[in-house]
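Trainee:
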Amino acid sequence: MKKRLAAILIATFTLCSILSGCGKTTDSSAPTGADDSAKAGGAQTLKIWSIATEGDSSHHAYEAAIADYMSAHPDVTVEMETFENESYKTKIKTVAASDELPDIYFTWGGGFSQPFVEAGKALNLDSYYTDYQDELPQGTMSYATYDGSVYGVPYVVSISGIFYNKKMFEQYGLSEPKTWDDLMNVTKTFLDNGITPFGVSVKEAWVMAMFNDALTLKCVGPEMLDKAFTGSGTGYEDAGFTDAAEKLSELFKMGAFDKNAAALSNDEAVSEFLAGTVPMYVTGAWLDGSIQSGAENPDDFSFMPFPACSDQAVLEDSMGGAQDMLMVNPKTKDADLAANAAFEIAKSLSKYGYQDGAGLAAWKVDYEVEGQSPISERMAECVNEANSLTVWSGTLMSAEDYTDYQSALQEFFVGNIDSKTFVETMNKMLTE
Amino acid sequence: MDKVRHNKGAAIILLLPAIILFVSIIIIPIICSGYYSLTEWDGIRDKVFIGFSNYRELFEGEVLRGSIKNMLLLALCAVGIQLPLALVFAILISGGIKGEKMYMTVFFIPVMLSTVVIGQLWLKIYNPSHGLLNGILSMIGLENYADSWLGNQGKVLAAVFVPMIWQYVGYHMLLMYAGIKSINSEIIEAAKIDGANGFQIACRITIPMLMPVLEVCTIFAVTGAFKSFDLIYILTGGGPAHASEVPSTLMFTEIFQKNHYGVGSAIAIFIILICFTSAIIIKRIFKRWEV
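Note that the protein sequences, when read in sequence, are chains W and H. Residue numbering for the first sequence follows the working numbering, beginning at 1 and increasing consecutively. Residue numbering for the second sequence follows the working numbering, beginning at 1 and increasing consecutively.
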């Protein structure tokens, strides 16, 4: 009797523990403190997650945008939680899998959010977008649009190109390169004077990928790059891709990149650029923030588009686009409220972020901007004059392809594979 | 007391909290991982059951094989370098030298430091342009040997192993030191009277009597090497070009960068199995020696 009782007891306890582990925690999400009075008046709470941690350049923009929204909608309380960039990528996926997403969440458009959209973890925003169409240009929506429908609200647009040290260029009588030959000339001049021309990190291979993205874009043109990287084209077979790989190989052989790049993190490589030991660094608009805060004399630095390397592309074709965006959880209590809040907050974010120098505005600029850094102005110019904007491989490619792409670049850099094998590897990976 | 002991119902109820905890945080996750490893799953969309394909794909791939080789090499270094070093230090320090406590503390500091701190420390030491190691080499006229330690495929493994081994020497030393201190001092005194020297005492008395502790240390060192992740992740992330990859860093890449939860879980199951088997084998070997 006792034995049976014990067995039943164990079984119940184990079952309970399993069930409680698997079950969803019903979140009562009672906001604490300050908004108690507002709650009495039928207040609603919106939870928003972002990567704007206190040290992040967009932290202030988020706080200001949320404060603006709350003062315009006194009956709504917006609670923001922030996470560190890399851990957020893991966090948001895990949380999406267990259906515990907040009402509004930050994410990256294109490939990263594809599974979210397909699994129904993002609200279709078509009907809400029509209200904001005039203020949010179609061109910035390309990575927020899946199968013709809008799922994300972008607020910042970015661009990549060559950040360079004006002082060092002047010292050797060099001007901004416009073509591949110009670039080779600049590279050779620096090498002849014992200076490594390009800073890069291969340990964090996304930095090397930024360089190769730009070079490949300027060899094959925007359409073909987009098709190849998204796996919807003819892969990597076009002669332009081979040309790009050979050009990269040539740069490797010349010693155009820091030979220690495989051991350096992005931060370490950037610090050498800021210290003035390396004259050029290919990366995205965010480097401006580091230049303004970390360089001894920020006016020594400037920005230029990556030179055109073939007839397929012009100088005004750039890597960039609106990749950071807000999406809305379809399981939110009040979809209209959350969707409108996402648009309103993104609109203010665009403004404050631009004013703070955290990024370029994705929404129309109908306000005065003061105190922009010359680099930021130059980048805004490049965005406005752009013939095309193609977002980076990290967004275009699936997560799997992007990881393999980075590891192929590492192999290429350390000399395990040559340009021919690199192209073959890329082709196999992108057409599979 | 006897009454309570014979009351099985009471025993079961008293053991229940521990059993629930053990089952829910160890057994269930392992079973879940085992199930995930048989599916194709990106972490968000529905799982598709695909049998043992993940395992087949893994063991046919070169990357996992390379990482297993690195893992075995690390375990070999842990047993062949780390443990003997710890044993020598433990014997020397327990011999009653001056500053016994001070040495204990000094050797134990790396164990107390967070791995992230140690990783950052060694990143600075290995930094190719202003790191301590290259600085010292060029100071003593060996600048030809200066290298980008974590960027050179041929040297990265050795460069990563050094801090990993160094970090836990103090830990094993402490275990062995405690073991040596618990050996009855009369035995050692008797040996001394019989004319045995320090080396003979160590080989004939201390080490044989320390076998149970050595067994525990070996299991810790080997399984620790098999599941090592943190320092490698901080120092190289498994690179350059997979040169310092171990199964756990590969598992991280598969799950969190490629969204391959199925393949990643298969690696996790592999690590669990190899840790269990090695622990059992080590126990068997020591049992034979003890008898």
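We treat Cβ as the ideally placed atom computed from N, Cα and C, and that holds for glycine.
Flag this pair as yes or no: are the beta carbons of Phe108(H) and Gly179(H) separated by less than 8 Å?
Mentor: No; because the gap between Cβ atoms is not below 8 Å, this pair is not in contact.
Trainee: With a threshold of 7 Å on Cβ separation, who are the neighbours of Gly51(H) within its own chain once the five nearest residues in sequence on each side are excluded?
Mentor: Hits under 7 Å: Leu38.
Trainee: Decide if Asp194(H) is buried, meaning its Cβ has at least 16 other Cβ atoms within 10 Å, or exposed.
Mentor: So Asp194(H) counts as exposed.
Trainee: Thinking just about the alpha-carbon of each residue, which of Asp366(W), Asp334(W) and Leu337(W) is nearest to the one in Ser348(W)?
Mentor: For Ser348(W), the nearest C-alpha among the options comes from Asp366(W).
Trainee: Can you tell me which of the three DSSP states Phe306(W) falls into?
Mentor: The answer is coil: DSSP assigns Phe306(W) none of H, G, I, E or B.
Trainee: For Pro374(W), does the three-state DSSP call read helix, strand or coil?
Mentor: If DSSP states are grouped into helix, strand and coil, Pro374(W) belongs with the helices.
Trainee: In the DSSP assignment, the alpha helix (DSSP H) including Lys91(W) goes from what residue to what residue?
Mentor: Here the alpha helix (DSSP H) through Lys91(W) covers Asn85 to Ala97.
Trainee: Closest to Trp363(W) by C-alpha separation, out of His59(W), Ala346(W), Leu337(W) and Lys259(W), would be which residue?
Mentor: Taking only the C-alpha atoms, the option nearest Trp363(W) is Ala346(W).
Trainee: Please list the segments of the alpha helix (DSSP H) lying wholly inside the segment 71-156 of chain H, counting only runs of 4 or more residues, in order along the chain.
Mentor: Here the runs fully enclosed are 83-94, 100-112, 115-126 and 132-139.
Trainee: Ser29(W): buried (16+ other C-beta within 10 angstroms of its C-beta) or exposed?
Mentor: Here the model assigns Ser29(W) a pLDDT of 40, short of 50, so the residue's position is not dependable and the matter cannot be decided.
Trainee: Less than 8 Å between the beta carbons of Gly109(W) and Pro154(W), yes or no?
Mentor: The answer is yes: Cβ separation under 8 Å.
Trainee: Chain W partners of Thr115(H), CB-CB under 8 Å?
Mentor: Going along chain W, no residue has its Cβ under 8 Å from Thr115(H), so there is no contact; the nearest lies around 17 Å.
Trainee: Can you confirm whether Val156(W), when its beta carbon is compared against all beta carbons of chain H, has any partner nearer than 8 Å?
Mentor: For Val156(W), the answer is no, since every Cβ of chain H falls outside 8 Å of its Cβ.
Trainee: Which of the three DSSP states, helix, strand or coil, is assigned to Tyr105(W)?
Mentor: Here Tyr105(W) sits in strand by DSSP.
Trainee: Looking at Phe422(W) and Val202(W), is the spacing between their C-beta atoms short of 8 Å?
Mentor: No, these two residues do not count as a Cβ contact at 8 Å.
Trainee: Apply the 10 Å Cβ neighbour rule to Met208(W) and answer buried if 16 or more other Cβ atoms are within range, or exposed otherwise.
Mentor: Per the 10 Å Cβ criterion, buried.
Trainee: Name, please, each residue of chain H whose Cβ falls closer than 7 Å to the Cβ of Val202(W).
Mentor: Result: Pro240.
Trainee: How about Pro115(W) and Ile44(H): do their beta carbons lie closer than 8 Å?
Mentor: Closer than 8 Å, so yes.
Trainee: From which residue to which residue does the alpha helix (DSSP H) around Lys166(W) run?
Mentor: Residues Lys166 to Gln171.
Trainee: Quick check on Met327(W): does DSSP put it in helix, strand or coil?
Mentor: Correct three-state label for Met327(W): strand.
Trainee: Kindly list, in the order they appear in chain W, the residues whose Cβ is closer than 7 Å to that of Pro110(H).
Mentor: Near Pro110(H) there are no residues of chain W at all, since even the closest Cβ is about 22 Å away, more than 7 Å.
Trainee: Looking only at its chain, what residues have a beta carbon closer than 6 Å to the beta carbon of Ser148(H), apart from the 5 residues adjacent to it on each side?
Mentor: Cβ within range, chain order: Pro128.
Trainee: For the structure I just gave you, are there three or more beta carbon pairs, one from the segment 54-69 of chain H and one from the segment 259-271 of chain H, closer than 8 Å?
Mentor: Verdict: yes, contact present.
Trainee: Determine contact between the segment 184-195 of chain W and the segment 243-260 of chain W, defined as no fewer than three beta-carbon pairs at a distance below 8 Å.
Mentor: Touching, yes.
Trainee: Helix, strand or coil for Gly179(H)? Go by DSSP, reduced to three states.
Mentor: Reduced to three states, the DSSP call for Gly179(H) is helix.
Trainee: Comparing alpha-carbon positions, which option in Ser149(W), Gln133(W) and Thr107(W) lies nearest Asn124(W)?
Mentor: Checked all of Ser149(W), Gln133(W) and Thr107(W); the closest Cα to Asn124(W) is Ser149(W).
Trainee: Spatial neighbours of Tyr69(W) within its chain, please: C-beta separation below 8 Å, excluding the five flanking residues on both sides.
Mentor: Contacts found: Val76, Val78, Ala341, Glu344, Ile345 and Ser348.
Trainee: Around the C-beta of Ala34(W), are 16 or more other C-beta atoms found within 10 angstroms, so that it is buried, or is it exposed?
Mentor: Residue placement at Ala34(W) cannot be trusted, given a pLDDT of 40 that sits under 50; what the coordinates show is reported in the next sentence. Ala34(W) comes out exposed.
Trainee: Could you list the residues in the segment 116-132 of chain H with a C-beta less than 9 Å from some C-beta on chain W, going in chain order?
Mentor: If the cut-off is 9 Å between Cβ atoms, the segment 116-132 of chain H has Leu123, Tyr126, Asn127, Pro128 and Ser129 near chain W.
Trainee: Ala241(H) and Asn416(W) look like a contact to me (Cβ under 8 Å); what is the Cβ gap, rounded to whole Å?
Mentor: Ala241(H) to Asn416(W), Cβ: 6 Å. Contact.
Trainee: Looking at the secondary structure, which residues open and close the alpha helix (DSSP H) in which Ile13(H) lies?
Mentor: Ile13(H) -> alpha helix (DSSP H) spans Lys8 to Phe22.
Trainee: How is Leu46(W) classed by DSSP in three states: helix, strand or coil?
Mentor: Here Leu46(W) sits in strand by DSSP.
Trainee: Are Ala225(H) and Ala75(H) close, meaning C-beta to C-beta below 8 Å?
Mentor: Contact: yes.
Trainee: Output the distance between the C-alpha atoms of Met397(W) and Ala11(H), rounded to the nearest integer angstrom.
Mentor: Roughly 57 Å separates the two Cα atoms.
Trainee: Under 8 Å, with one C-beta from each stretch per pair, do the segment 8-26 of chain H and the segment 227-244 of chain W reach the 3-pair mark?
Mentor: Judged by Cβ distances under 8 Å, the segment 8-26 of chain H makes no contact with the segment 227-244 of chain W, as fewer than three pairs qualify.
Trainee: For Gly320(W), report the span of its beta strand (DSSP E) as first-last.
Mentor: Run containing Gly320(W): Asp317 to Gly321, per the beta strand (DSSP E) assignment.
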